[in-house]
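Take 2 as the starting number for the sequence shown in our numbering and just add one per residue.
Take a look at the structure set out below.
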Amino acid sequence: METFRTESTPKTPSIIFDPAKGKLEIKGRSIPEDSIGFYKKLLDLLEEYAQTCTIPVQVDVMLEYFNTASSVCVLEILKRFEALHQRGIPVVINWHYEEDDDYMRETGDDFQTLLTVPVHLKEIEL
């Protein structure tokens with residue numbers, strides 16, 4: 002499986018998913034007009050990846066802001082990794098947020114509650 006890359010735009014985050022290294026990074030703003038359409042290819046790739054993954058995985062989410070539709074998609078992405086965690090594959094999810102961004106910190110807290118895989122909150126100092 003090849004590395005999947007999407008460049009950031011003013012409305013969409015950059016995404017780098019390297020299956021060989023077990024690394025996913027989502028970074029930027031996520032306010033696309035069609036969140037499901039934007040994240041569909043990644044979700045499909047993760048579904049395929051989950052069937053064959055045997056290596057530890059690290060996910061880094063570094064979103065400045067995202068809308069409600071994007072939050073649903075990001076949660077679905079994290080659930081794909083939760084399935085790996087439940088199979089015994091080591092998964093680290095890092096939720097990065099700026100130190101003064103209560104909304105993104107609280108969203109990370111909410112995801113911790115909704116998932117069985119640990120979500121590590123990482124404050125970014127400004």
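Even glycine gets a Cβ: it sits at the ideal position worked out from N, Cα and C.
Quick one, are the C-beta atoms of residue i and residue j less than 8 angstroms apart?
i	j	result
Ser-79	Phe-112	Residue identity check: residue 79 is Leu in the sequence provided, not Ser. Yes.
Ile-32	Pro-57	no
Leu-47	Arg-88	no
Glu-100	Glu-124	yes
Ile-118	Glu-65	The residue you asked about is not Ile; residue 118 is Val in the sequence shown. The answer is no: Cβ separation not under 8 angstroms.
Leu-122	Leu-76	no
Ser-71	Ser-36	yes
What residues match up with residue i in a beta bridge as DSSP calls it?
i	result
Phe-18	Phe-5 and Leu-25
Gln-59	Lys-24 and Val-93
Ile-125	Glu-99
Val-120	Ile-94
Residues in its own chain within less than 8 angstroms of residue i by CB, not counting five upstream and five downstream?
i	result
Lys-42	Phe-5
Helix, strand or coil, according to DSSP, for residue i in the structure here?
i	result
Val-73	helix
Ile-32	coil
Lys-12	coil
Leu-64	strand
Arg-88	coil
Please determine whether the Cβ atom of residue i lies at a distance below 7 angstroms from any heavy atom of the ligand MN.
i	result
Ile-125	What this structure holds is no ligand at all, so the ligand MN is not there to describe.
Using 8 angstroms for Cβ pairs, my map puts residue i next to residue j. What's the rounded Cβ distance?
i	j	result
Ile-94	Val-73	Contact flag wrong, Cβ pair sits at about 17 angstroms.
Tyr-40	Pro-20	The Cβ separation is near 17 angstroms, so there is no contact.
Ignore the nearest five residues each way along the sequence and tell me which others in residue i's own chain have a CB closer than 6 angstroms to its CB.
i	result
Ile-27	Pro-14, Ile-16 and Val-62
Val-92	Val-58, Phe-82, Leu-85, His-86 and Val-118
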